[in-house]
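Taking it in order: structure first as structure tokens, then the write-up.
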Amino acid sequence: MSYLRNTMDYSRQTCIISLFFLPLTAVAQTTTVNSEDWITSPGIIGTLVLVFIVVFIAVLIFMARLNSYVKLLKHRQLEKKNLAFNEELLALQEEEIDTILQQRKSGLKYRLKGTELGSDQGAVDEKGLISRVTNEPENPLFDEKKKTPLGIETPYALKKIVTYYLGASVFWLVFGTLVGQYVGMKFLWPEMDHFSWLSFGRLRPVHTNAVFWGWASLAMIGLGYFVIARTSNAKIHSYGSAWWTWRLINLAVLLGTLSLMSGINNGGGEYREYTWPVMLLFAMGLVITFWNFYKTIASRKITDIYVSNWYMLAALIWTTVLAIIGYMPFFSNGLGETVIQGYYMHQGVGMWFMTFTLGLIYYYLPSSLNKPIYSYSLGVLAFWTQMLFYTMIGTHHFVFSPLPWWLQTTAIVFSAGMFIPVVAGTTNFLMTMRGSWSHISKSYVLPFFLVGVIFYFVGSTQGSVQAFRFTNYVWHFTDFNVAHSHMTMYGIITFILWACIYTILPKLTGKEPPQVLVGAHFWMAFVGLFAYMISLMVGGTYKGLSWIEGNAFLNSVILMKPYWLWRAIGGSLMFTSHLIFAYNFYIMVNKRKSVESLSVPGVEHGNN
Amino acid sequence: MFLEWNMGTIKLNVMFDFHKNHKVLVIAALVGFVTLSFIVAVFPAYQMQDVQPLPQQPVMTQSERNGLEVYIREGCVACHTQQVRNIEMDNMWGDRPSIPSDYYYSKERMGVWRQSPSLLGSERTGPDLTNIGKRQPSIDWHLLHLYNPRSVVGQSIMPSYPWLFEIIDTNSIGGDDKVVNLPESFAPPRGTTVIAKKEALQLVAYLQSLQQTDLPDGREEKFIPALERKQTGDTKDINNTSSLNGETLYLQTCAVCHQDNGKGVAGAFPPLAGSEIVNDEDPELMIKIILQGYDARSEFATMQAFADQLSDAEIAAIATHERTSWGNTGSKVTEEEVRKIREYINKDLNP
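In order, the protein sequence lines correspond to chains E and L.
Numbering that gives the first Met the number 0 puts the first sequence at residues 0 to 607.
Numbering that gives the first Met the number 0 puts the second sequence at residues 0 to 350.
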């Protein structure tokens, strides 16, 4: 009897244990692969669902816009009716007029005292809340957007540093994506030029590194300086060192670009193409920025450290560690380099861009909605899980490679774990936006935030399912990877950075970009990204299936050609939107029309 | 007792007071990240360095190493992988999955300024190059392909690398110069000739050196199968000539030189369409050429031997395709015929 009980206990235990490990094994051992049912694989279904979510949101935004346009048309029709009524009046006979006049006169004899519903005082806008009253919108085609509310009083030095960081980042965005667009066109016209400095293999890393270390990094740090001063209610520890970082990072990207074009690179590992002396400049910039942020936070005038600052401090310190490990020579011979490469290229995105940008959202999103973040604790949960899960998943870039199987499995399992920080973050942002949906059609900033947040969920989750072994089977080495990295670095990071820039710059400078151009920027970037992403995803899938079927390799090149064309079209839209953005930036920061600075001499040194 | 416990909680409170203590927050984030990084990156990377080359693996020559430098300089890794994954779809790129030893010589740190090259790659916009030296040993083909890929592969999207070549006066060609014989539509103006610079030759030497070394004692590493084939009918079917697609095999193996239309490349690779050897009633010479290679005509590049790469059934399928396509009127070739000729050659060479 006791034997029986023992076995039962034992079997119950194994049952519990196996239940616990079930999700693990299910993820880790998807080695029996059947490409005939590729469409029903969880990874691919997951991706389709996620892409559908974005389409759905896009349709929602579009419908909202359409709705307001229809309202406008209705309004016009009403006006027309009124006009017709007036003409009818003019055409009336004299007797008819007399009757009506009689009725009217008797009606007019009745008098109200005038105070039934209110006082007899006229309305006066004593506090100057109403800035402009008009019955004629500037542009009859679009909804009038709300103007940015009053500016924020900011020390001139801070304003200048933020503006210069953003200015440099805009330059690298335009430059980097120009290169990207050129490189994308080379897929269609490989004979475009015959200069070694402009060849595909050399320009590709120029594109990726310029948008990484030039555009996104500088924009993030610049926006971070404002957050750090604002949320600590303190002065920036040292403006001088902020300027040094600015010089170091720009110098690093400039030298890096030139050296890559001349054929000097570190060995071809993605995002690690700059040689160590160049990357050292960048890393010095990171360390200085970290110290500056740290000291500013240390001098804060409130006890709590706002959650934004957690993310930004951590991003700076993690990325410094990452750069050191990535460039240390002691463990990077043979396949050691490959292990580090997987770790480095994934953490470059996860610990630097994603972590820092999340920190920015936690400040700028509530700020642009003028309400607090939904949950501070969710932000903290996302913070620690981000560190735990993101760090472990680098090797998912080398599934089925000669790297140790356990390392690949770890990467895949933790990729699935990324669900936790991603869901926590997305929930937090969406719940913050909840109740303010109507603001989206009235604000030129919120659509950027919404797209960024949705892509945060979609892009990250899609990345998690792409790490599974079957999805790797179909998509690895194909153009699908390129689609994924644009979905994340562009859909998430770049859209959020734009949102933050449009939130803060008008408040700092008091100048707003024309809303039509912001709209053009938004829609061209969004539609362009979609064309880019979908074409490469579809093409990449066909490419992978063609490989699995064992067709001649050249077939997979030929079948990609129409998709590369669509990618180039999407890329052109994206690039054009960046030119518009650069113009908007110029409008927001240019010195003309600055009435205040004319009336107050020496204003440059005071608070503006 | 109570007091101690209380002190403990206070200490704990201070320890985890991330919200209010920036020092604790930063140190916790740093320590956490560094620990995880050591577990998942530094230790495994350190361990992965501990490998030996395979017994028969050739040491890299200086010229090959220089070629590798050109390979890295031009960013070839952006489009070409060098890893045969352990899944069946990758078996077209090598005889076995790649193992860490394969990279013993090539993935060394490149001096003070640059690290070990990232050869494994992450994009396969062009073919995998793990075994390119075996697949395509012809130096002439490689030079044509580097000068302008479309001169040999019409649909290729690979960039041209004209800066690895020089266009010089035909009269001033020296004895050491390696001339690149281009088809007319790609040739430079009359009176000039394209010759390969040293870098081009080094790059080709590197590409030729890319060959998988056999595992000692003939061990075979298995690929994870792609499809669980539903085994209906007899299993011998796989080796049956009729089930092999001669056209696909031709496109995979032969078309880079002889082109998918069988017309070849003038001055480099002879046409198969209308060729006397291909249309001959007796396929013996044709099969011998495929098995042993061919270097009898100086106006064309040397052809490699395919005896080791292709099975009898595959050669029969390819030969049949060649003899019945592009207006050719040869008879079909059977696996049996190929087997006999192969045996005859083997006897001939090793009596």
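Just so you know, even glycine gets a beta-carbon here, dropped at the ideal spot from N, CA and C.
CA nearest to the CA of A318 of chain L, picked from L:R296, L:D281 and L:D307: Start at 1 with the first residue of the second sequence, and residue 318 of chain L comes out as number 319. For the residues L:R296, L:D281 and L:D307, the minimum Cα distance to A318 of chain L belongs to L:D281.
Beta strand (DSSP E) containing E165 of chain L: first to last residue? The residue given as residue 165 of chain L occupies position 166 in the second sequence. Where E165 of chain L is concerned, the enclosing beta strand (DSSP E) stretches over F164 to D168.
Is the Cβ of S374 of chain E closer than 9 Å to any Cβ of chain L? In the first sequence, counting from the first residue as 1, residue 374 of chain E sits at position 375. It does not; no Cβ of chain L falls within 9 Å.
Checking contacts by CB at 9 Å: is T431 of chain E closer than that to chain L? Against the first sequence, residue 431 of chain E aligns to sequence position 432. For T431 of chain E, the answer is no, since every Cβ of chain L falls outside 9 Å of its Cβ.
Kindly indicate the opening and closing residues of the beta strand (DSSP E) around V192 of chain L. Residue 192 of chain L sits at position 193 when you count from the first residue of the second sequence. Correcting the residue identity first, residue 192 of chain L is Thr in this sequence and not Val. Residue range T191 to A195 is occupied by the beta strand (DSSP E) that includes T192 of chain L.
With a cut-off of 8 Å, do at least 3 Cβ pairs link the stretch 437 to 451 of chain E to the stretch 469 to 478 of chain E? Counting Cβ pairs under 8 Å, fewer than three are found: no touch.
Check whether the Cβ of W404 of chain E sits closer than 8 Å to any heavy atom of the ligand ADP, and report yes or no. Inclusion of the ligand ADP in the displayed structure is not the case, the ligand content being empty and no account of it being possible.
Using a Cβ-Cβ distance under 9 Å, would A77 of chain L count as near chain E? In the second sequence, counting from the first residue as 1, residue 77 of chain L sits at position 78. It does: the Cβ of A77 of chain L has a partner Cβ on chain E nearer than 9 Å.
Have a look at L:N180, L:A27, L:G110 and L:E313 and flag the residue whose alpha-carbon is nearest the alpha-carbon of N244 of chain L. As a first step, residue 244 of chain L is located in the second sequence; it is residue number 245 there, counting from the start. The shortest C-alpha separation from N244 of chain L is found at L:E313.
Starting from N41 of chain E, trace the alpha helix (DSSP H) in both directions and tell me its first and last residue. Here residue 41 of chain E refers to the residue found at position 42 when the first sequence is read from its first residue. Per the sequence shown, residue 41 of chain E should be read as Pro rather than Asn. From DSSP, the alpha helix (DSSP H) with P41 of chain E extends over P41 to L89.
A316 of chain L at chain E interface by Cβ criterion, 9 Å: As a working mapping, residue 316 of chain L is identified with position 317 in the second sequence. Chain E, which has no Cβ nearer than 9 Å to the Cβ of A316 of chain L, makes this no.
Any beta carbon of chain E sitting closer than 9 Å to that of A254 of chain L? Translated into positions along the second sequence, residue 254 of chain L becomes position 255. Yes, contact with chain E.
Where does the unbroken alpha helix (DSSP H) through R108 of chain L begin, and where does it stop? Translated into positions along the second sequence, residue 108 of chain L becomes position 109. R108 of chain L: not part of any alpha helix (DSSP H); DSSP gives it neither H nor E.
Quick check: the Cα distance between T502 of chain E and L49 of chain E, rounded to an integer number of angstroms? As a working mapping, residue 502 of chain E is identified with position 503 in the first sequence. As a working mapping, residue 49 of chain E is identified with position 50 in the first sequence. When rounded, the distance between both Cα atoms is 28 Å.
Quick one: grab the DSSP three-state call for A551 of chain E. As a working mapping, residue 551 of chain E is identified with position 552 in the first sequence. Reduced to three states, the DSSP call for A551 of chain E is coil.
Exposure label - V398 of chain E; buried when at least 16 CB within 10 Å: Here the question's residue 398 of chain E lines up with position 399 in the first sequence. Buried: at least 16 other Cβ atoms inside 10 Å.
For I96 of chain E, count neighbouring Cβ atoms within 10 angstroms of its own Cβ and tell me buried if that reaches 16, exposed if not. Here residue 96 of chain E is taken as the residue at index 97 of the first sequence, counted from 1. Burial call: exposed.
What in chain L is Cβ-close to Q407 of chain E, meaning under 9 Å? For the purposes of this step, residue 407 of chain E is taken as the residue at position 408 of the first sequence. By Cβ distance, chain L contributes nothing, its closest Cβ being about 11 Å from Q407 of chain E, past 9 Å.
My output table needs one value for F476 of chain E: the three-state DSSP class, helix, strand or coil. For this step, residue 476 of chain E is matched to residue 477 along the first sequence. Three-state result, F476 of chain E: strand.
Three or more C-beta pairs under 8 Å: does that hold for the stretch 176 to 187 of chain E against the stretch 217 to 227 of chain E? Not touching, per the Cβ criterion.
The stretch 510 to 530 of chain E contacting the stretch 564 to 572 of chain E, beta-carbon criterion three pairs below 8 Å: Yes, the stretch 510 to 530 of chain E is in contact with the stretch 564 to 572 of chain E.
I'd like to know if the stretch 116 to 127 of chain L and the stretch 70 to 86 of chain L are in contact, where contact means that at least 3 CB-CB pairs between them fall below 8 Å. A contact exists between the stretch 116 to 127 of chain L and the stretch 70 to 86 of chain L.
Buried or exposed: where does E272 of chain E fall if 16 or more other Cβ atoms within 10 Å of its Cβ makes it buried? Looking up residue 272 of chain E in the first sequence gives position 273. Taking all protein chains shown into account, E272 of chain E has 16 or more neighbouring C-beta atoms within 10 Å of its C-beta and is therefore buried.
Whether I324 of chain E touches Y342 of chain E by CB criterion (9 Å): To locate residue 324 of chain E, count along the first sequence from 1; it is residue 325. To locate residue 342 of chain E, count along the first sequence from 1; it is residue 343. Closer than 9 Å, so yes.
Determine which residues share a DSSP beta bridge with F268 of chain L and list them. Here residue 268 of chain L corresponds to residue number 269 of the second sequence, with the count starting at 1. In DSSP, F268 of chain L forms a bridge with L:V264.
Is there at least one Cβ from chain A nearer than 9 Å to K19 of chain L's Cβ? Among the chains of the structure shown, chain A does not appear; the protein chains present are E and L.
Endpoints, the alpha helix (DSSP H) within which V432 of chain L is located: Lying outside 0 to 350, the shown extent of chain L, residue 432 of chain L is not represented and no answer is given.
With a threshold of 9 Å between beta carbons, is Q340 of chain E in contact with chain L? Within the first sequence, residue 340 of chain E is the residue found at index 341, counting from 1. At least one chain L Cβ lies under 9 Å of Q340 of chain E.
Terminal residues of the alpha helix (DSSP H) in which N308 of chain E lies: For the purposes of this step, residue 308 of chain E is taken as residue 309 along the first sequence, with counting starting at 1. DSSP places N308 of chain E inside the alpha helix (DSSP H), whose first and last residues are V306 to Y326.
In this structure, does DSSP put M59 of chain L in helix, strand or coil? Position 60 of the second sequence holds residue 59 of chain L. In the three-state reduction of the DSSP assignment, M59 of chain L falls in the coil class.
Can you round the beta-carbon distance between T409 of chain E and V39 of chain L to whole angstroms, since I take them to be within the 8 Å contact cut? Taking the first residue of the first sequence as 1, we reach residue 409 of chain E at position 410. Taking the first residue of the second sequence as 1, we reach residue 39 of chain L at position 40. Contact annotation, T409 of chain E with V39 of chain L: C-beta distance approximately 7 Å; criterion of less than 8 Å satisfied.
Helix, strand or coil at M486 of chain E [DSSP, three-state]: Numbered from its first residue, the first sequence carries residue 486 of chain E at position 487. Note: M486 of chain E maps to helix in three-state DSSP.
What residues from chain E crowd round Q48 of chain L, counting only those whose CB sits closer than 7 Å? Taking the second sequence and counting its residues from 1, the one referred to as residue 48 of chain L is at position 49. Under the 7 Å cutoff, chain E gives F330, N332, G333 and G335.
Partners in chain E for P161 of chain L, counting only beta-carbon separations shorter than 8 Å: The residue you call residue 161 of chain L lines up with position 162 of the second sequence. Residues of chain E passing the Cβ test: H193.
How far does the alpha helix (DSSP H) with R246 of chain E in it reach, from first residue to last? If you number the first sequence from 1, residue 246 of chain E lands on position 247. Per DSSP, R246 of chain E belongs to the alpha helix (DSSP H) from Y238 to M260.
Quick check: G132 of chain L and Q51 of chain L, are their CB atoms within less than 9 Å of each other? Here residue 132 of chain L is taken as the residue at index 133 of the second sequence, counted from 1. Here residue 51 of chain L is taken as the residue at index 52 of the second sequence, counted from 1. No, these two residues do not count as a Cβ contact at 9 Å.
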